[in-house]
Every structure is written in structure tokens, then in C-alpha cells.
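Numbering of the sequence shown is given in the working numbering, commencing with residue 9 and proceeding in unit increments.
Glycine residues also receive a C-beta, built at the ideal position from the N, C-alpha and C atoms.
Working notes for the structure below.
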Amino acid sequence: MSAQIALVDDDRNILTSVSIAMQAEGYVTRIYSDGEAALKALLDNPADLGIFDIKMPRMDGLELLRRLREKSDMPVIFLTSKDEELDEALGLAMGADDYITKPFSQRLLIARVKAILRRATYDKAVVNGESEPEPDPMVRGKLEMDPARHHVKWDGRSLTLTVTEFMILEALANRPGVVRTRDQLMDAAYQDDVYVDDRTIDSHIKRLRRKFREIDPEFTAIDTLYGAGYRFADS
């Protein structure tokens, strides 16, 4: 059965374009132009994944997510503007799975949807006892990563990462001390045939460092090798 994607945005053009792109990938779309209508429908009948705009009248995306999280663990991607960094952080802390900054590539959004749905399918299989053996958690010094549960800890303290940030960090930590080029990190994070500007990887690295330094101001485990790429320190 095709996955159902709930699209919630007060911009009709975005609703139409995203819906067309998702349907072309074989997904079924459910469209809502405001948060209140979406909340009622999704509490009664959750979708497989939601794509919510943050800034909406009547009920914004953050409030919609907060109300949904009282009864549902439906994966959610936020659509944000470049000046909404605080809202992004709050949304992730509330349980959003990822965010895409406007204006965005439809192919990039589709790649994120596929990655999150793959993880959600795996999580359900684990709960139902139908999965293959789970991958072992990874420990690199103070870093602990649990790929099966998408959990990250540094020195015993939990971090909230997006799917993209998790994949980039996992690619670096898998081979500590080895330099990973931006192209290699793009392949690890996006997997599908999606063009991503080099600066996108740099932005994700910047955000990763900031999140680690919020709990450890002395964090220096992600090195920049100018002209080459990045590496996770092996000490």
C-alpha cells in the first residue's frame, strides 16, 4: 500500500507543487490549508508522514506538532524560512524528524521523505519483532550512536539531530581519523540522486558543532581539513 503524506501549508502553490511531486513518486497525498483542519483529520486518521509549514495562521506548525505528539508519533518534516532557526530548534526538540529550508528542491524533499519512511518502517518492524538483527550501537570516545533508534549521546548527554545531521555524523564517526570529502558526505546523507550544493554540507557541519558545543563548550571532535573535507577525531 502506498504511503500517505499529509501536506499542511497555507500557500496553495506549495501544496500543489509538493503534492504533484509526491504523487509522481507513488505516494498518496492529503492536503490541508491550515493547522486546525489538519489536527482534527490526523488525530482521527494519522498519515505515514507529515510535511508542515511552521508559519501558518490559526494554528502554526509547532502547535500542530505539539498537539499531535500527545497521541501520535507520526514522522514530521518542517518547512521553514531562513530566519526561523529558533523555530527549527524548538520543532526538533518537540519531536520533528527533519526540516527543509525554503526555497527548497523537490528532489531534496523527496529524498528526505524516503529516508524517514525507511527508518519508520524499520522501527515498526522492530516493535513487531519482524526485523533483522539490529545494528550495534557505535561508541567513539565520548560519542554514542544508536542507528536503529536514531539516538545520539555525547559524554552521556543526549542530542537531538535531524535525519540528515545523523547520517553525516555517522559517516564521519564510522571511520574516525579518515578525511571524508563533501561529496562522500553528500552521498551518505542524501543517498538518492539529489544535487546538493557544497555549502549545504558546510551548514550541516556548523549546526552539528553548535549542538555539541551547547552541551560541551570544549567539543572539537569534528575537524575541518581545508580543501579536503572533514574528519571525526580518533582521540
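Using 10 angstroms around the beta-carbon of residue i, count the other beta-carbons present and answer buried if the total reaches 16, otherwise exposed.
i	result
Ala236	exposed
Gly58	buried
Asp231	exposed
Glu222	exposed
Thr24	exposed
Val26	buried
Thr37	buried
Asp106	buried
Arg188	buried
Leu117	buried
Leu186	The residue you asked about is not Leu; residue 186 is Val in the sequence shown. When all chains shown are included, Val186 counts as exposed.
Ala101	exposed
Looking only at C-alpha atoms, which of the options sits nearest to residue i?
i	options	result
Thr88	Ile22, Asp163, Lys79 and Arg75	Ile22
Arg239	Leu98, Arg148, Asp17 and Leu73	Arg148
Ala181	Glu152, Asp191, Arg157 and Ala156	Glu152
Asp17	Asp56, Arg74, Gly69 and Lys48	Gly69
Gly99	Glu71, Ser113 and Leu116	Glu71
Lys63	Gly103, Ser41 and Lys219	Ser41
Arg66	Leu47, Arg218 and Met175	Leu47
Arg20	Gly164, Met146 and Asp61	Asp61
Asp144	Leu116, Glu178 and Phe112	Glu178
Phe227	Leu216, Leu233 and Asp81	Leu216
Ile108	Thr208, Leu233 and Tyr234	Thr208
Is there at least one Cβ from chain D nearer than 8 Å to residue i's Cβ?
i	result
Asp105	Within the model displayed, chain D is absent; a lone protein chain is all it includes.
With a threshold of 6 Å on Cβ separation, who are the neighbours of residue i within its own chain once the five nearest residues in sequence on each side are excluded?
i	result
Ala11	Tyr35, Asp56 and Leu125
Ile176	Leu193, Ala197 and His212
Asp114	The amino acid occupying residue 114 in the given sequence is Gln; Asp does not appear at that position. Closer than 6 Å at the Cβ level, and outside the excluded window around Gln114, lie Ala29.
Asp210	none
Ala128	Pro83
Val134	For Val134, the pLDDT reaches just 49, beneath the cut-off of 50, and the residue's location in the model is therefore unreliable, although a value from the coordinates is still provided. Excluding sequence neighbours, Val134 sits near nothing in its chain.
Are residue i and residue j close, meaning C-beta to C-beta below 8 Å?
i	j	result
Leu73	Ala104	yes
Ile39	Leu15	yes
Can you give me the Cβ contacts of residue i inside the same chain, cut-off strictly under 7 Å, excluding the 5 residues immediately before and after it?
i	result
Asp163	Lys150 and Asp224
His158	Arg127 and Phe174
Counting only the same chain and skipping the five closest in sequence on each side, list residues whose C-beta sits under 8 Å from that of residue i.
i	result
Lys79	Leu51
Glu173	His212, Arg215, Leu216 and Lys219
Pro184	Arg148, Arg239, Phe240, Ala241 and Asp242
Pro111	none
The stretch 18-34 touching the stretch 107-123, judged by at least three CB pairs closer than 8 Å
yes
Given 8 Å, three or more beta-carbon pairs between the stretch 159-173 and the stretch 186-195
In this structure the stretch 159-173 does not touch the stretch 186-195; the number of beta carbon pairs closer than 8 Å is below three.
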